[in-house]
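Take a look at the structure below.
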Amino acid sequence: MRFTQKYFILFFSLLCLFSCKEESYIYEVNDLTIESNNSNKGKEKTPSQYLNILYANLYQKPLSPNKLVDLINLVNSIGDKQVAYETIIAKMMTDPDIQIPSKSSMNADIDAFVTETYKRFYVRIPTEAEKTYFVNFIQSHPNIGPEHIYFSFATSNEYYFY
């Protein structure tokens, strides 16, 4: 019995040694660039930060200190910051010096417009869901212009934070 037991152990050992085969698989995967999503912003911008960034986003140039003081006084005089910001943005949208794309250039390449708007206002790349939503929204609402989209971005909750 002892002799049989040794053969059994030897047979089992050989079976274990030679039964396992290592298989290797090669997957062809495309390289993908991952962009950071900075949508988890937690600190609220101060009025001076908000107004400086807003002005730079809309006019593509810095806000003068005198104009900043006037705008901060306006925000403080109204009391409700959101109403004050909306009033300031609405006034800026009627200024001919504002640097926004034309409606025809927006409609020519809506994907690029949405991506550039996210980069400009939120300093990030939109997710596919966000991009799809805005592209569909712009395509289904022919009366919407870039000034409406810019107004909505400038008054969004994400824009108030950094």
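Residue numbers (the numbering used here): 55 to 216. Glycine is no exception: its CB is placed at the ideal position from the N, C-alpha and C atoms. Since this is a predicted model, take the numbers as computed values, not measurements.
Query - Glu-82 in three-state terms, based on DSSP - result: coil
Query raised in the report: Does DSSP put Glu-98 in a helix, a strand or coil?
Result: strand
Query raised in the report: What is the rounded straight-line gap between the Cα of Phe-188 and the Cα of Ser-158?
Result: 16 Å
Query raised in the report: By Cβ distance below 8 Å, which residues in the same chain neighbour Ile-126 in space, the five residues on each side in sequence not counted?
Result: Pro-101, Ser-102, Leu-105
**Report entry** Sequence-distant residues of the same chain with beta carbon closer than 7 Å to Leu-122, five excluded per side
**Finding:** Ser-102, Leu-105, Asn-106
Report task. Within the same chain, show all residues whose beta-carbon is closer than 6 Å to that of Lys-185, passing over the 5 residues directly before and after it, in chain order. Result -> Val-168
Requested in this report: Below 6 Å CB to CB, which residues in the same chain sit around Ser-118 once its five sequence neighbours on both sides are set aside?
Outcome: none
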